Amino acid sequence: MLDRWPAWLVGLAGLLALGLVLRFALALAFPRIHHADELFQYYEQAHRLAFGQGMVPWEYREGIRSWLLPGMLAGLMKAVSWVSDDPSAYLGVSKALWSALSLGIPAVAFLWARRAAGLTAGLTAAFIGTIWFELIYFAPTALTESIATSLLLVGCWLAWTAETTDRRRLVWAGVLFGLVFVFRFHLLPAIVTAVVIAGRGDWRGRVRPMLLAGLVPVVLCNGLLDWVTLGWPFQSVLKNFWINIVEEKSHSFGVMPLGFYFTEYARVWSWWLAPMAALIVLGARRQPMLVAVPLAVVLSHSLVAHKEYRFVLPALPFLL
């Protein structure tokens, strides 16, 4: 049967399979919680919703966290509990789910690079997206940054490559941008940047389908979820912004200098930084979306006093 498949398709399928194995197997072999938020903000609240027991952190007492991700995890926990009452069972299923979602990154890397520079470039980009250590590390985590990373890249691909007459593709791009906002509203500057670039000045033909038919309905549904679960529409966005930015509550968790993310890239990427920066500059003219969107992510987060490297994770696939 494989003889009927083109060699490149077999290669891509093999890379995606390798990516899933690496992400899931390493997550099981080396259990970890990258940040306390994953445990207390999401898994703990999901357990409380599914089984009635769990700690309540201040964010949920104040009502500044959306119940979307905990609700999804709670449904997963409840479903898996019908098969096994071992917590490692639903944790394993959760890690497998997020690992599978992250495969959108090497898949889109292949499609984007093949469109720009041919099949060899496509497979090379997919290989990098498959084995890059940060992507493998963060993929299985139940963090909004990790989830939004895959959704943002796929949404940008659909928006950038859609023909003006392909309304369905533009709408799906808008839906993904809406989901990015719902999971991680802090990425709004990146979403706006992506819509502006992909819109190419065509409000009626390109921007309107993305916004009115795609993004807006998803965001309104999130507002309704907040209304039902927290008390008023968009509470997890507006009150979160007020408490953490205006009242500077987030400052109590650490304040970093303006250039923190750039020094972190230099520390994490080491000698890879110089060649990658050169390639990014070279590709900026041909693929402005791949440079402008991650720049919007990093610069907008640089203006916020409380900084963590995971906050700019959505910029990573674009830069690779």
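Per numbering that gives the first Met the number 0, the very first residue in the sequence shown carries number 0; after that it's consecutive.
Here a beta-carbon is modelled for each residue, glycine too, at the ideal position from N, C-alpha and C.
The structure displayed is predicted, hence computed values, not measured ones.
Residue i (DSSP reduced to helix, strand or coil)
| i | result |
| --- | --- |
| P188 | helix |
| R284 | coil |
| M209 | helix |
| F29 | coil |
| P274 | helix |
| R114 | helix |
Residue j beta carbon less than 9 Å from that of residue i
| i | j | result |
| --- | --- | --- |
| H185 | M255 | no |
| L224 | L14 | no |
| T140 | W97 | yes |
| S93 | F137 | no |
| A172 | G200 | no |
| A108 | L319 | yes |
| Y43 | P56 | In the sequence under discussion, the amino acid at residue 43 is Glu, which differs from the Tyr named in the question. Yes. Within cutoff. |
| A161 | L169 | yes |
| P105 | F132 | no |
| L134 | P316 | yes |
| I196 | V292 | yes |
heavy atom of the ligand ZN below 8 Å from residue i C-beta
| i | result |
| --- | --- |
| P139 | The ligand ZN is absent from the structure shown, which contains no ligands of any kind. |
Residue i versus residue j: straight-line alpha-carbon distance, rounded
| i | j | result |
| --- | --- | --- |
| I32 | S249 | 21 Å |
| L177 | W271 | For the record, residue 177 in the displayed sequence is Gly; it is not Leu. Answer to the nearest angstrom: the Cα atoms are 33 Å apart. |
| F240 | P5 | 50 Å |
| A116 | S299 | 31 Å |
| A283 | G204 | 25 Å |
| Q52 | L75 | 16 Å |
| T262 | W268 | 10 Å |
| G222 | G70 | 15 Å |
| L340 | L210 | Because the chain here runs from 0 to 319, residue 340 falls outside it and cannot be looked at. |
| R64 | V9 | 42 Å |
| W7 | A16 | 14 Å |
| K238 | R3 | 56 Å |
| R339 | E246 | The requested residue 339 is not part of the displayed model; the chain covers only 0 to 319. |
| W159 | Q286 | 9 Å |
Exercise. Is the segment 13-23 touching the segment 41-49 in the sense that three or more CB pairs, one from each, lie closer than 8 Å?
Worked result: no
Exercise. Would you call the segment 286-305 and the segment 173-181 touching, i.e. three or more CB-CB distances under 8 Å?
Worked result: no
Exercise. On the three-pair Cβ rule with 8 Å, is the segment 141-151 touching the segment 272-279?
Worked result: no
Problem set entry | Validate contact between the segment 76-90 and the segment 112-127 using beta carbons, cut 8 Å, 3 pairs | no
Exercise. Are there three or more Cβ pairs, one per stretch, closer than 8 Å when the segment 146-162 is compared with the segment 189-209?
Worked result: yes
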